[in-house]
Amino acid sequence: GKVIGHFRQHTHSVESVAIHPVSKYCATGSLDGKVYVYEKHLDAPRYGCTHGAGVTKVYWHTTRDWLVSTSMDRTVRVWEGKSGASLAVWTGHRDVVFDVALSPDGKFAVSGGDDNDALCWEFPV
């Protein structure tokens, strides 16, 4: 294939990538604690969001224009997809959060981490 974008903003390894299900946006998450959102043909990010430690997963919401990320800072965060504004910070894990999955209807998410717990979260209305 042909490279159509080269996203170079991160200063540490990129741990997760996600493509928006219907728009032209891509998201990257890195151990530098940053989440960046790009338009797929542009090399400069549209915006960046910051966690308190390395980002382990990025995932686009299934029915809304929201981006969800997990981190070594023990949080799950929900970001507004167009601007990067913080919509929610979910706390409850006692160690690194490594993964998140969203329900097909977009009403809840489940996160899992090094604390041996999986937590179920309800999205803001």
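For the sequence shown, position 35 matches number 72 in our numbering, and the numbering has no gaps at all. Virtual Cβ for every residue (Gly too), placed ideally from N, Cα, C. Just so it is clear, the structure is predicted and the values come from calculations on it, not from any experiment.
Short Cβ contact (8 Å threshold) for residue i with residue j
i	j	result
Gly118	Asp102	yes
Cys114	Asp132	As written in the sequence, residue 114 is Arg, which differs from the Cys given in the question. Cβ atoms of Arg114 and Asp132: not closer than 8 Å.
Leu104	Val92	no
Thr107	Asp136	yes
Gly143	Thr99	yes
For residue i, three-class secondary structure by DSSP
i	result
Phe135	strand
Phe145	strand
Gly38	coil
Thr93	strand
Val59	coil
Ala125	strand
Arg114	strand
Ala155	strand
Ser108	strand
Buried/exposed call for residue i, threshold 16 Cβ in 10 Å
i	result
Pro82	buried
Ala138	exposed
Glu159	exposed
Cys157	exposed
Ser67	buried
Asp69	buried
Val40	exposed
Alpha-carbon spacing of residue i relative to residue j, whole angstroms
i	j	result
Ala155	Gly42	35 Å
Lys71	His47	7 Å
Thr65	Gly129	24 Å
Lys77	Tyr62	6 Å
Met109	Ser123	18 Å
Trp97	Glu52	15 Å
Gly89	Val126	11 Å
Thr87	Ser50	15 Å
Ala146	Ile56	18 Å
Ser60	Ser140	20 Å
Leu163	Ser120	The chain is shown only over 38 to 162; residue 163 falls outside these bounds and no answer can be derived.
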